[in-house]
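Undergrad: Per our numbering, the sequence shown starts with residue 1005, numbered consecutively. We put the beta carbon where it would ideally sit given N, CA and C, even for glycine. Predicted, not measured: the structure shown is a model, and the values here were computed from it.
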Amino acid sequence: LPPEQNIDAAQVNMVSPQYAHVDGKVWTQNNGFAGVHRLDIATGKIETWEPFKNAPKGEPHNIYDVVPDSQNNAWFTDFRRKHIGRIDAKTGEVKLYEIPSEKPVVAPRRGQMDAQDRLWFAQYRGDKIGMLDTKTGEFKQWDIAPKWSAPYDVALDKNGEAWTGSMLSDQVTRLDTRSGAAVTYLLPRPTNIRRVHVDNSTTPVTFWVGSNHGASIVKLEPFE
């Protein structure tokens, strides 16, 4: 980081090189001041955005995840409120999309982009799976039971089903995004779930997750 940003509070996370081949640049975030960085791999130059720099005094913001789309535009979640943000890779323009909710905070946490440039994300304090169509700006949302399940991340599989897990309830949920029906799997022991993964090369698909406090990897093989 530049010296003026490499302070004690700096905390760089969520390095996102998925589409670095588009323009040779990699996105990441800085939890120290709600910032987003972009690294030019060839030159080492780092650009910085502070989307909430001019927010009202005392209004909290926390950029949690940064997910690139197929054009290497950056999409970020604001964990302390209820916004998804976009940084245009070519112009640097920042645009915010408010998640429809009566709650002042739904805490979008981690998310993943699908092949259609739709951002799937977990609402940690909203008990929902959310999807933002980045081409139209439209949201869709699905409830996840039980209440206070605190979903952490979302992965879409080849069948159009969305998978999420809770760091609190030891449960994995598979959601049929067409019907809204969900199947919940109770894991055999306490499992602090964070990032989730789906292996689409198997039939049925296979769900993988790390047990953050259990020093183990969990593999879930559904019967259908």
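Under the assumption that W1152 contacts M1135 (Cβ atoms under 8 Å), give the Cβ distance between them as a whole number of angstroms.
TA: Counted from its first residue, the sequence shown places residue 1152 at position 148. Counted from its first residue, the sequence shown places residue 1135 at position 131. Not quite, the Cβ-Cβ distance comes to about 22 Å (not below 8 Å), so this is no contact.
Undergrad: Indicate whether A1126 and V1176 have their beta-carbon atoms separated by less than 8 Å.
TA: Taking the first residue of the sequence shown as 1, we reach residue 1126 at position 122. Taking the first residue of the sequence shown as 1, we reach residue 1176 at position 172. No, the pair does not count as a contact, with Cβ atoms beyond the cut-off.
Undergrad: Could you have a look at D1069 and say whether DSSP puts it in helix, strand or coil?
TA: As a first step, residue 1069 must be located in the sequence shown, where it is residue number 65. In the structure shown, D1069 sits in a strand (DSSP, three-state: E or B).
Undergrad: For A1024, which of D1073, F1143 and L1224 has the nearest alpha-carbon?
TA: By one-based count along the sequence shown, residue 1024 stands at place 20. Cα-wise, what sits closest to A1024 is D1073.
Undergrad: Using the Cα positions of G1036 and A1149, report the straight-line distance between them to the nearest angstrom.
TA: Locating residue 1036 in the sequence shown gives position 32, counting from the first residue. Locating residue 1149 in the sequence shown gives position 145, counting from the first residue. Their Cα atoms are separated by approximately 33 Å.
Undergrad: Going by the CB atoms, is the gap between N1017 and Q1033 shorter than 8 Å?
TA: Counting from one through the sequence shown, the residue named residue 1033 turns up at place 29. Counting from one through the sequence shown, the residue named residue 1017 turns up at place 13. Yes. Within cutoff.
Undergrad: Quick one: measure Cβ to Cβ for H1201 and V1187, integer angstroms, because I've assumed they're closer than 8 Å.
TA: Your numbering for residue 1201 matches position 197 in the sequence shown. Your numbering for residue 1187 matches position 183 in the sequence shown. Their Cβ separation, rounded to whole angstroms, is 18 Å, which puts H1201 and V1187 out of contact at 8 Å.
Undergrad: Extract the residue ranges of the beta strand (DSSP E) inside the region 1092 to 1157, only unbroken runs of 3 or more that lie entirely within it.
TA: Listed in chain order, the complete beta strand (DSSP E) runs (minimum 3 residues) inside the region 1092 to 1157 are 1098 to 1102, 1112 to 1117, 1122 to 1127, 1132 to 1137 and 1142 to 1147.
Undergrad: Between the alpha carbons of A1093 and A1078, how many angstroms are there, rounded?
TA: The count along the sequence shown starts at 1 and reaches residue 1093 at position 89. The count along the sequence shown starts at 1 and reaches residue 1078 at position 74. Straight-line Cα distance between these residues: approximately 7 Å.
Undergrad: Look at S1103 and F1056 and say whether their C-beta atoms are less than 8 Å apart.
TA: What you label residue 1103 is simply residue 99 of the sequence shown in a count that begins at 1. What you label residue 1056 is simply residue 52 of the sequence shown in a count that begins at 1. First, the residue type needs correcting, since residue 1103 is Ile and not Ser in the sequence shown. Result no, Cβ atoms of I1103 and F1056 do not sit closer than 8 Å.
Undergrad: Tell me whether Q1082 sits in a helix, a strand or coil according to DSSP, three-state version.
TA: Working through the sequence shown from its first residue, we reach residue 1082 at position 78. Note that residue 1082 is Asp in the sequence shown, not Gln. Residue state, collapsed to three classes: strand.
Undergrad: Rounded to the nearest angstrom, what separates D1174 and K1061 at their Cα positions?
TA: Numbered from 1 along the sequence shown, position 170 holds the residue referred to as residue 1174. Numbered from 1 along the sequence shown, position 57 holds the residue referred to as residue 1061. Taking the straight line joining both Cα atoms gives about 37 Å.
Undergrad: From the DSSP output, in three-state form, read off A1166 for me.
TA: On the sequence shown, residue 1166 is found 162 positions in, with the first residue counted as 1. Correct three-state label for A1166: strand.
Undergrad: From the DSSP secondary-structure annotation, give me the bridge partner or partners of R1178.
TA: Reading the sequence shown from its first residue, position 174 is the one you call residue 1178. BP columns for R1178 point to W1167 and V1187.
Undergrad: Report the three-state DSSP secondary structure of A1059 (helix, strand or coil).
TA: Position 55 of the sequence shown holds residue 1059. Three-state DSSP puts A1059 in coil, outside helix and strand.
Undergrad: Rounding to the nearest angstrom, what Cα-Cα distance links S1215 and W1167 in this structure?
TA: Here the question's residue 1215 lines up with position 211 in the sequence shown. Here the question's residue 1167 lines up with position 163 in the sequence shown. Each residue's Cα considered, the two are about 16 Å apart.
Undergrad: In whole angstroms, what separates the C-alpha of Y1068 from that of F1080?
TA: Taking the first residue of the sequence shown as 1, we reach residue 1068 at position 64. Taking the first residue of the sequence shown as 1, we reach residue 1080 at position 76. Using only the alpha carbons, I get a separation of about 7 Å.
Undergrad: Going by CA-CA distance only, name the one from Q1022, N1066, P1021 and T1047 that's closest to Q1015.
TA: Looking up residue 1015 in the sequence shown gives position 11. That would be N1066, whose Cα lies nearest to the Cα of Q1015.
Undergrad: Is the distance from the Cβ of I1197 to the Cβ of G1164 below 8 Å?
TA: Position 193 of the sequence shown, counted from the first residue, corresponds to residue 1197. Position 160 of the sequence shown, counted from the first residue, corresponds to residue 1164. No. Outside cutoff.
Undergrad: Does the beta-carbon distance from Y1101 to Y1128 come in below 8 Å?
TA: As a position in the sequence shown, residue 1101 is number 97, starting the count at 1. As a position in the sequence shown, residue 1128 is number 124, starting the count at 1. The answer is no: Cβ separation not under 8 Å.
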